[in-house]
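**Student:** I have a structure I would like to understand better, so I am pasting it below and will then ask my questions one at a time.
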């Protein structure tokens, strides 16, 4: 394989890693936020739940920010086309996510019960809505999005905002929310005690099972969706220009990769195995194991989507030949090489100090402890 | 055409509003993180509790400010894509890299360690906590470095070339991208401006306590550290500002024209307009107070170099537009047939002026039919908004020197330990707090309005950079941002003022009498 083609595939895989990082780490915090009012019945319990992720939510959120930056650097055409095309959805995502830092930081700064209740709802919205949007965005990628380019590669989105919330996309959105609730519940079990831990156990098990049901429905739905196939052009080592290929749309084509490479069935299989085991682990109180199994579940879910779509990244439903694929939406070879170097150096460093941060802050968070600490959320 | 212009204008308003708003919180983070680190360093080396109290108290205010910096930063990371899709696609290969590295190298560091800094006081040794605090400071400052490298590319593009097969700028040298003189000067200028901001903030709040005779020990020490830190920083800001002016004067002559209201090219050495009322339409100053012969040495550091005025810049732009037309026409043919060798040769012969042809295209969609009137209108665009830039620049410089003067006086009396007698100086301090924020904001106006009509100088015009949204979408999103952000700033200011009024938390029982019983140290 040519170096440039290889780099494109590596960056496609790295995009997957980023999405998994985002889904697991940000999803966990959003799950806690979305379930805050359920997990904690009293103010002290809610504060305890918030402080379990308190020292980490900001670092975790960088997975989301890095997601934006890395897509910009490695897949600039996707960055430009997807984020402008899905404009109102992006606004919904940003406007709700902006509430989160303030919810964490400002909620417990004032004693007023109304003030705190207001931010509790803020944290609910800023946990649930972004996860639904995240899942729905992936659903829309699977379905194809109506956009096209002019000759100078200015992109135009021709659908409406409501189209983005179609039934399949909502299904994907709800599944993302369910997995996030699962992940958040596992975290709260790790660091919580008593009532909070019990409620997290119930929530985590229910959310895990719900995610599996939704995944199963999606799996039966997928063969009935239009899939995309490259007919000509789009050489793997060709220049990043999406105008010079032809693409066919065939119902069920998203299953082609699975038929061609049966080993790929392991990915959806692993989603089932991991989340089922995870639910079992949570029920038995092995919440750390449950957390890691949830992460595996996320990774294999995203892997399943990637395996179905490869090499497509953002298919165009209105002008399929202008779809964005791994072969024609990336950065130049030089940029991909440089970025790979930076990633290879910094990701291990990030993992080391992130692990250290979790290690330093390990242990149970008790409501009494939180009340006594003037720095706590 | 009209619609497109409205969308571009609204997109600019939105970006300006969200970016300027974001930058209300960034400078304080940049500077206060180092002041926290300095306080904690003293705590680490001397073991005196009061410095720990200082670090914790200012850390609380830091966190209130930091939250909004993070929240509004989310918007920035995605706004290039949501609202400037042509720009993002056109330069993402180059511009995206520093943004991604910013995430990898800086944001993770800053955000992971800030949690430990705020929550980890009881869980780490003094040394480890100090290290964590330094990591926060380093992380936030590194993030400024990378975003300003990205911005430097917009101001003075280096290390990339337009590729006709992908219709975008592509990286040719990563080191040229990083070691861009504009980016380097601007990084130092901007981050040190953040140090001055934090110094003035800490001094202002401390003076508030000193005037009311509250938390005197803590406030006196904080005040002294802040003004000392600030005096060096403000000297740095001013000298780097001069370096930046020197760099951008040669790289962006049109920006210089706007900063100095220099309509006509003068025989060197040119005079410096201390005050002027520029008239953009007439291209002259209705009034000017000029100091003769000062501008040339100020800007070029020579007495003989010619500084091109608006007239010369417009003439050159016309020439470059005409030269760029064949490149733009060849691109269209290359898009239809990437193997068209004749078109490629034509493109190569004229590629250096492609950006100017694109500038002209705003008025002449079919470049083959461009009229002299089109050329003239496009040439007019090359000169950015002179009145706003001229005055923003002067406000920034005046604010800079005012802060320097204040900090010098405050440092002298603080070191002589007579600051408590200088009530007027203390009374002035809280009123100084808005000054650095205003200076930072107008500084950005100079930098970014001065870059117009380009998003990437000489390469990509602003008029074609925006996403193709409808006017309705843009009104919706701009309104949403304004409402949301206005609500946030009310909440932030309320909490900030409340926690400043509350002051440092009730001193721990053990620390109270011990700190009070200690003799006043002469210096930090």
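Residue numbers (this note's numbering), protein chains in the order written: chain A, -12 to 364; chain B, 1243 to 1766. Glycine included, every Cβ here is placed at the ideal spot set by N, Cα and C.
(1) In the DSSP assignment, the beta strand (DSSP E) including residue 185/A goes from what residue to what residue?
(2) Locate the alpha helix (DSSP H) running through residue 258/A, then write down its first and last residues.
(3) Look up residue 25/A in the DSSP assignment and say whether it is helix, strand or coil.
(4) Pop quiz: residue 289/A and residue 7/A are said to be a contact at Cβ under 8 Å. What is the actual Cβ separation, rounded to whole angstroms?
(5) Please classify residue 200/A as buried or exposed, where buried requires at least 16 other C-beta atoms within 10 Å of its C-beta.
(6) Taking 8 Å as the CB-CB limit, is residue 309/A close to chain B?
(7) Drop a sphere of 10 angstroms on the beta-carbon of residue 1752/B, count the other beta-carbons inside from all chains shown, and report buried for 16 or more, exposed for fewer.
(8) May I ask you to report which of helix, strand or coil DSSP gives residue 364/A?
(9) Could you pull out every residue in the same chain whose Cβ sits closer than 8 Å to the Cβ of residue 1410/B, ignoring the five residues on either side in sequence?
(10) Sort 1643/B, 1717/B, 1571/B by Cα distance to residue 1606/B and report the nearest one.
(11) Would you check if there are 3 or more beta carbon pairs closer than 8 Å linking the segment 264 to 283 of chain A to the segment 191 to 200 of chain A?
(12) Candidates 1527/B, 1597/B, 1528/B, 1546/B: which alpha carbon is nearest residue 1535/B's?
(13) Hey, does residue -2/A have any beta-carbon neighbour from chain B nearer than 8 Å?
(14) In angstroms with no decimal places, state the Cα-to-Cα distance between residue 1754/B and residue 1268/B.
(15) Taking Cβ positions, are residue 164/A and residue 128/A nearer each other than 8 Å?
(16) Let me see if you follow: with CB-CB separation under 8 Å, is residue 52/A close to chain B or not?
(17) Excluding the five sequence neighbours on either side, which residues of its own chain have a C-beta within less than 7 Å of the C-beta of residue 1543/B, listed in chain order?
(18) If the cut is a Cβ gap below 8 Å, which residues of chain A does residue 1365/B touch?
(19) Cutting at 7 Å between CB atoms, please list the residues of its own chain near residue 24/A, excluding the five before and the five after it.
(20) Assess, as a yes-or-no matter, whether the segment 34 to 50 of chain A is touched by the segment 13 to 20 of chain A under the definition of 3 or more beta carbon pairs within less than 8 Å.
(21) Please report the distance separating the alpha-carbon of residue 225/A from that of residue 317/A.
(22) Which residues share a DSSP beta bridge with residue 1510/B?
(23) Closer than 7 Å by beta-carbon distance: list the chain A residues that pair up with residue 1556/B, in chain order.
(24) When you check each C-beta in the segment 1299 to 1320 of chain B against every C-beta of chain A, which residues fall closer than 9 Å?
(25) Can you tell me whether residue 1563/B is helix, strand or coil according to DSSP?
(26) Considering Cα atoms alone, identify which of 1286/B, 1292/B, 1407/B, 1372/B is closest to residue 1587/B.
(27) Give every residue of the same chain whose Cβ lies closer than 8 Å to the Cβ of residue 1457/B, excluding the five residues on either side of it in the sequence, and list them in chain order.
(28) At least one CB of chain A closer than 8 Å to the CB of residue 1742/B: is that the case?
(29) Is there a C-beta anywhere in chain A that falls below 8 Å from the one on residue 1409/B?
(30) Work out the CA separation of residue 1392/B and residue 1341/B for me, nearest whole Å.
(31) Evaluate residue 1759/B with the Cβ neighbour count: other Cβ atoms within 10 Å of its Cβ, from every protein chain shown; 16 or more gives buried, anything less gives exposed.
(32) I need the straight-line Cα distance from residue 1315/B to residue 1471/B, nearest angstrom please.
(33) Taking Cβ positions only, does residue 1766/B come closer than 8 Å to chain A?
(34) Pick from -11/A, 188/A, 157/A, 160/A: whose alpha carbon is nearest that of residue 169/A?
(35) Tell me whether residue 1547/B sits in a helix, a strand or coil according to DSSP, three-state version.
(36) Relative to chain A, which residues along the segment 1408 to 1427 of chain B have a C-beta separation below 8 Å, given in chain order?
**Tutor:** From the atom records:
(1) As a position in the first chain, residue 185/A is number 198, starting the count at 1. Run containing residue 185/A: none in the beta strand (DSSP E); it sits in the alpha helix (DSSP H), 181 to 208.
(2) By 1-based counting over the first chain, the position of residue 258/A is 271. Start and end: 253 to 270.
(3) In the first chain, residue 25/A corresponds to position 38, counting from 1. Correct three-state label for residue 25/A: helix.
(4) Stepping through the first chain from its first residue, residue 289/A is reached at position 302. Stepping through the first chain from its first residue, residue 7/A is reached at position 20. The pair is a contact, with the Cβ atoms about 6 Å apart (cut-off 8 Å).
(5) Position 213 of the first chain, counted from the start, is the residue given in the question as residue 200/A. By the 10 Å Cβ count, residue 200/A comes out exposed.
(6) Counting from 1 along the first chain, the entry for residue 309/A is found at position 322. For residue 309/A, the answer is no, since every Cβ of chain B falls outside 8 Å of its Cβ.
(7) In the second chain, the residue the question calls residue 1752/B occupies position 510. Unreliable placement is indicated for residue 1752/B, whose pLDDT of 34 sits below 50; no coordinate value is reported for it.
(8) Position 377 of the first chain, counting from 1, holds the residue named residue 364/A. In the structure shown, residue 364/A sits in coil (DSSP, three-state: anything other than H, G, I, E or B).
(9) Taking the first residue of the second chain as position 1, residue 1410/B is located at position 168. Counting only Cβ-Cβ distances below 8 Å, and skipping sequence neighbours, we find 1331, 1332, 1333, 1334, 1335, 1404.
(10) Within the second chain, the letter at position 364 stands for residue 1606/B. Out of 1643/B, 1717/B, 1571/B, 1571/B has the C-alpha closest to the C-alpha of residue 1606/B.
(11) yes
(12) As a first step, residue 1535/B must be located in the second chain, where it is residue number 293. The residue with the shortest Cα to Cα distance from residue 1535/B is 1546/B.
(13) Position 11 of the first chain, counting from 1, holds the residue named residue -2/A. No, because no Cβ of chain B sits closer than 8 Å to the Cβ of residue -2/A.
(14) Looking up residue 1754/B in the second chain gives position 512. Looking up residue 1268/B in the second chain gives position 26. Residue placement at residue 1754/B is poorly supported in this model, since its pLDDT is 36, which falls under 50; the coordinates still yield a value, given next. If I take the Cα positions, the gap works out to 34 Å.
(15) As a position in the first chain, residue 164/A is number 177, starting the count at 1. As a position in the first chain, residue 128/A is number 141, starting the count at 1. No, these two residues do not count as a Cβ contact at 8 Å.
(16) As a first step, residue 52/A must be located in the first chain, where it is residue number 65. Yes, its Cβ sits closer than 8 Å to a Cβ of chain B.
(17) Numbered from 1 along the second chain, position 301 holds the residue referred to as residue 1543/B. Once the five neighbours on either side are set aside, the close Cβ partners of residue 1543/B are 1488.
(18) Here residue 1365/B is taken as the residue at index 123 of the second chain, counted from 1. Simply 347, 348.
(19) Against the first chain, residue 24/A aligns to sequence position 37. Once the five neighbours on either side are set aside, the close Cβ partners of residue 24/A are 107, 111.
(20) yes
(21) Taking the first residue of the first chain as 1, we reach residue 225/A at position 238. Taking the first residue of the first chain as 1, we reach residue 317/A at position 330. Looking at the two C-alpha atoms, the distance is approximately 10 Å.
(22) As a position in the second chain, residue 1510/B is number 268, starting the count at 1. For residue 1510/B, which the question treats as bridged, DSSP gives no partner whatsoever.
(23) Position 314 of the second chain holds residue 1556/B. Result: empty, since nearest Cβ-Cβ is about 26 Å, beyond 7 Å.
(24) 1301, 1302, 1305, 1306, 1308, 1309, 1310, 1311, 1312, 1313, 1314, 1315, 1316, 1317, 1319, 1320
(25) On the second chain, position 321 is the one that residue 1563/B refers to. Correct three-state label for residue 1563/B: helix.
(26) Start at 1 with the first residue of the second chain, and residue 1587/B comes out as number 345. Closest option to residue 1587/B, Cα to Cα, is 1407/B.
(27) Looking up residue 1457/B in the second chain gives position 215. 1451, 1745, 1746.
(28) Taking the second chain and counting its residues from 1, the one referred to as residue 1742/B is at position 500. For residue 1742/B, the answer is no, since every Cβ of chain A falls outside 8 Å of its Cβ.
(29) Your numbering for residue 1409/B matches position 167 in the second chain. Yes, its Cβ sits closer than 8 Å to a Cβ of chain A.
(30) By 1-based counting over the second chain, the position of residue 1341/B is 99. By 1-based counting over the second chain, the position of residue 1392/B is 150. Cα to Cα, residue 1341/B sits roughly 7 Å from residue 1392/B.
(31) Against the second chain, residue 1759/B aligns to sequence position 517. Because the pLDDT of residue 1759/B is 36, which lies under 50, any placement of that residue in the model is unreliable, and the number read from its coordinates should be weighed accordingly. Under this definition residue 1759/B is an exposed residue.
(32) Here residue 1315/B corresponds to residue number 73 of the second chain, with the count starting at 1. Here residue 1471/B corresponds to residue number 229 of the second chain, with the count starting at 1. Approximately 27 Å between the Cα atoms of the pair.
(33) The residue you call residue 1766/B lines up with position 524 of the second chain. With a pLDDT of 34 at residue 1766/B, under the threshold of 50, the predicted position of this residue should be treated as unreliable, and no value is reported.
(34) Stepping through the first chain from its first residue, residue 169/A is reached at position 182. The residue with the shortest Cα to Cα distance from residue 169/A is 188/A.
(35) As a first step, residue 1547/B must be located in the second chain, where it is residue number 305. Residue 1547/B falls in the coil class under three-state DSSP.
(36) 1408, 1409, 1410, 1412, 1413, 1414, 1416
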